[in-house]
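In this note's numbering, the protein residues as written are 3 to 91.
Where is the CB? At the ideal position from N, CA and C, for every residue including glycine.
Because the structure is a prediction, the values reported are computed rather than measured.
As structure tokens, the structure follows; a few thoughts come after it.
Encoded structure:
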């Protein structure tokens, strides 16, 4: 039986900024958060700086765990807001 790996990424404007705000609220350095999330500091800087627009689901889960927050709720809220804005156009 063939197994297929499915990768899901999220592209939510402002999510990187929100991650930085959550990190700063916990008085964590980027290096500390990156280590807890199992990622490179450079990758975290790209996410927080919004130069990486697409965040893999697994990375989002790791950041959620490291920050002790539910980033899924952040993503849902951003999607609802984006859909509401699109419906007004």
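Item, Value
"Three-state class that DSSP yields for residue 15 in the structure shown", "coil"
"The alpha helix (DSSP H) enclosing residue 33, as first and last residue numbers", "32 to 39"
"Sequence-distant residues of the same chain with beta carbon closer than 7 Å to residue 38, five excluded per side", "68"
"Classification of residue 33 by the beta-carbon crowding that lies within 10 angstroms, buried from 16 upward", "exposed"
"Nearest to residue 60 (by Cα), restricted to the options 73, 89, 19", "73"
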